[in-house]
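Colleague: Read left to right, the sequence shown gives residues -19 to -1, 1 to 445 (mature numbering (1 follows the signal peptide of the UniProt record, and there is no 0)).
The following block contains the structure, expressed as structure tokens.
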Amino acid sequence: MGNKFLCLVMGFCVSGAFGATKFKKVFEFNELDFDYPTEASRQHDIDTKVFIPGVPAPIDMDVYYAPDKKHTTFVTIPRFQAGIPVTLGSVLTTSTGKNIIQPFPSWKWHRDPEHCRRDRLVSVYRIKIDNCGRLWVLDTGRHLDKKVCDMQILAFDLATNQLIHKYTIPDDLLEPRSILVTPIIDIRENCSDVFVYVADCQTFSIIVYDVMNDRAWRASDKTMYPYPNYGTYRIQGEQFDLMDGVLGMDLSPYHPGQDRKLFYHAMSSATENWALTSDLKNEDYFKHDPSAHPELFHTYKGYRQSQSAAEAIDRNGIAFFGQMTETTISCWNTATEYGPSNIDVIEYNPQTLQFASGVKVIDNPRGHQELWVLTSRFQKVATGTLSPNEVNFRIQAIRVEDAVAGTRCKAIRHQPGSGGGQSGRYKSGGGQSGRYKAGNAAGLITGGYGLAQPNEYDKLYFTK
């Protein structure tokens, strides 16, 4: 398998009995189709190979709960091969019940990616929606196997779908082989106090972006490298090699006045690592040499069973992730030591939990948290054996409390509103769910993190 598939595969490993599913189905796709304005425009893209049916494969997703109770599910489709007309969109269900992808924010952002227009999205692996109603997008600027445009970090206001912030990543923080795959958003006291941590899985480094001061630097350490012993993947009878570095990342819960940990791991590894965000945010440590301070990076002694990719942490410090070979979604209480004795299985399902490439903890407007996962038969995408007659891509979800029930991961609960995962904190009340007031810091926004009143929503909106 060539480099075009590097950093895409995401999953987790654990053995268990294959029984009734705990996750609820939200969306399923045999193959991806798109919301073209006319059938003629769709056929034109097919005729010119802009769109090759059966080729596009989703990698990540995130969910926005709006004040009107509706939720929008965003998906990413990186352009690592030809025939992908859209790299970021939302799921739209047609009147006939078919799920298709509506380009975000509009078609013009996705057309002719190699032209490098000002308003462009070339190739997006992962995204993150914060509790200030902003969609953060990490554009790799890569089309197929080469970099064609500058790499950039973008933020969109989901109340208007307008671009509100853009940062072009300097070339001196990158290498020709750089593939930026994961953005983690660190918010503290208000919506302007933001840092973004970016995983570069091919240069084995993390880019730290100070949004307010519009500056970035690069940190690198041996803990971000792949492990040769974990470079061969075995999933449902298929085998291939990948040597991917740091990819899975998320933050410990936010508590006012306390530091946070950034947890991370290389996909081609079985270890988990961490660094204090106060150290990562100190540019002086890294401005002369990105790898000058190995003492800042820590590795747990224990191991998981096999490779893993995306991870997400809830407000109680419970980490969720997939394991490749075992086709499971698993959990770990970050207050404990990492390893088999503290990692537990939420669900094992070799049919529906292959390649868990997107894992998110979502704040439901009622105040609950939900675990969402995107899974796919990516090994068949890579080998060109995907069948359009079978379900190949799934988006599933479960309440976090239900996910951890009966596992050793269940934590002593923090105070409500203590924050968690990537988003930082929020304040209760206000009935706004991700709404905010306009501000002027770094072209972004400031304001509160209001939640809707509990009686306005079902336990899980998507289950109705």
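Think of the CB as a built atom: it goes at the ideal place given N, C-alpha and C, for glycine as much as any other residue.
1. Whose C-beta lies closer than 6 Å to the C-beta of asparagine 142 among residues of the same chain, with five residues either side of it excluded?
2. If you draw a straight line from the alpha carbon of aspartate 195 to that of tyrosine 148, how long is it in whole angstroms?
3. Output the distance between the C-alpha atoms of aspartate 191 and glutamate 371, rounded to the nearest integer angstrom.
4. Ordered along the chain, which non-local residues of its own chain (more than five positions away) have a Cβ less than 8 Å from that of lysine 79?
5. For threonine 308, does the three-state DSSP call read helix, strand or coil?
6. For glutamate 437, which residues of its own chain have a beta-carbon under 6 Å away from its beta-carbon, when the five flanking residues on both sides are left out?
7. What is the DSSP secondary structure of lysine 408, counted as helix, strand or coil?
8. Would you call cysteine 312 buried or exposed, if buried means 16 or more other Cβ atoms sit within 10 Å of its Cβ?
9. Would you decide whether alanine 386 is buried or exposed? Buried here means 16 or more other CB atoms lie within 10 Å of its CB.
10. Could you pull out every residue in the same chain whose Cβ sits closer than 6 Å to the Cβ of cysteine 130, ignoring the five residues on either side in sequence?
11. Rounded to the nearest angstrom, how far is the Cβ of proline 207 from that of aspartate 231, given a contact under 8 Å?
12. Name the DSSP beta bridge partners of aspartate 260, please?
13. By Cβ distance, which residues of its chain are closer than 6 Å to serine 287, with the 5 residues on each side in sequence left out?
14. Using the C-alpha atoms, what's the distance from arginine 389 back to glycine 229?
15. Where does glutamate 170 land, buried or exposed, given buried means 16+ other C-beta within 10 angstroms?
16. Can you list, in chain order, the residues of its chain with a C-beta nearer than 7 Å to that of serine 43? Leave out the 5 residues immediately preceding and following it.
17. Closer than 7 Å by C-beta to aspartate 100: which residues in its own chain qualify, once you throw out the five before and the five after it? Chain order, please.
18. What does tryptophan 90 pair with, by DSSP beta-bridge criteria?
19. If you compare alpha carbons, which of Ser289, Asp270 and Ile324 is closest to glycine 212?
20. What do you reckon, are the CB atoms on asparagine 373 and serine 357 nearer than 9 Å?
21. In chain order, what residues of the same chain have a beta carbon less than 6 Å from the beta carbon of methionine 60, not counting five sequence neighbours either side?
22. Bridge partners for phenylalanine 374 per DSSP, in chain order?
23. Under a three-way DSSP split, which group does glutamine 220 fall into?
24. Can you find the residues in the same chain that come closer than 6 Å, C-beta to C-beta, to isoleucine 58, ignoring five residues on each side of it along the sequence?
25. At what residues does the alpha helix (DSSP H) containing glutamine 24 begin and finish?
26. Where in the region 107 to 165 do unbroken runs of the beta strand (DSSP E), each at least 3 residues long, occur, reported from the N-terminal end onward?
27. Assign alanine 47 to one of three DSSP states: helix, strand, or coil.
28. Quick check on DSSP: helix, strand or coil for methionine 230?
29. Using the beta-carbon count (16 or more within 10 Å), is histidine 236 buried or exposed?
30. Given that a residue counts as buried once 16 or more other Cβ atoms are within 10 Å of its Cβ, and exposed if not, what is glycine 365?
31. Quick one: using the 10 Å Cβ neighbour count with 16 as the cut-off for buried, is glycine 405 buried or exposed?
32. Using only CA atoms, which one of Ala197, Arg158, Gln183 and Val362 lies nearest to valine 177?
33. Taking its Cβ as the centre, do 16 or more other Cβ atoms sit within 10 Å of glycine 339, making it buried, or is it exposed?
34. Which same chain residues end up closer than 8 Å to tyrosine 266 when comparing Cβ atoms and leaving out the 5 residues on each side of it in sequence?
35. Would you give the residue range spanned by the alpha helix (DSSP H) that alanine 386 belongs to?
36. Report the option in Phe10, Ala63 and Thr2 whose CA atom is closest to the CA atom of threonine 29.
Modeller: Taking the coordinates as given:
1. Pro86
2. 7 Å
3. 44 Å
4. Asp14
5. coil
6. With a pLDDT of only 31 at glutamate 437, under the threshold of 50, the placement of this residue in the model should not be trusted, and no figure is reported.
7. Residue confidence for lysine 408 is low, a pLDDT of 35 falling below 50, so the modelled location carries little weight; the figure read from the coordinates is stated next. Coil, per DSSP.
8. buried
9. exposed
10. Cys97, Val103 and Gly122
11. With 8 Å as the limit, proline 207 and aspartate 231 do not qualify as a contact, their Cβ atoms being about 19 Å apart.
12. According to DSSP, which records beta bridges pairwise, aspartate 260 is partnered with nothing at all.
13. Cys(-7), Gln304, Met305 and Thr306
14. Going from the Cα of glycine 229 to the Cα of arginine 389 covers about 22 Å.
15. With fewer than 16 other beta carbons inside 10 angstroms of its own, glutamate 170 counts as exposed.
16. Looking at the sequence itself, residue 43 is aspartate, so the reference to serine does not match. Correct list, in chain order: Phe55, Ile108, Lys109, Ile110 and Lys341.
17. Lys89 and Trp90
18. None; tryptophan 90 has no bridge partner.
19. Ser289
20. Yes, these two residues count as a Cβ contact at 9 Å.
21. First, the amino acid is wrong: residue 60 is arginine here, not methionine. Excluding sequence neighbours, arginine 60 sits near Thr68, Ser104 and His124.
22. Phe10 and Ser357
23. DSSP places glutamine 220 in strand when its eight states are reduced to three.
24. Pro37, Pro39, Ile65 and Thr68
25. 20 to 28
26. 115 to 120, 133 to 138 and 143 to 149
27. coil
28. Annotated three-state conformation of methionine 230 is strand, per DSSP.
29. exposed
30. Classified as exposed, glycine 365 has fewer than 16 neighbouring CB atoms from the shown chains inside 10 Å of its CB.
31. Interpretation of glycine 405 is limited by its pLDDT of 38, a score under 50 that renders its predicted location unreliable; the figure taken from the coordinates is listed afterwards. So glycine 405 ends up on the buried side.
32. Ala197
33. buried
34. Ala200, Asp260, Ala273, His274 and Leu277
35. Unbroken run through alanine 386: none, as it is neither H nor E.
36. Ala63
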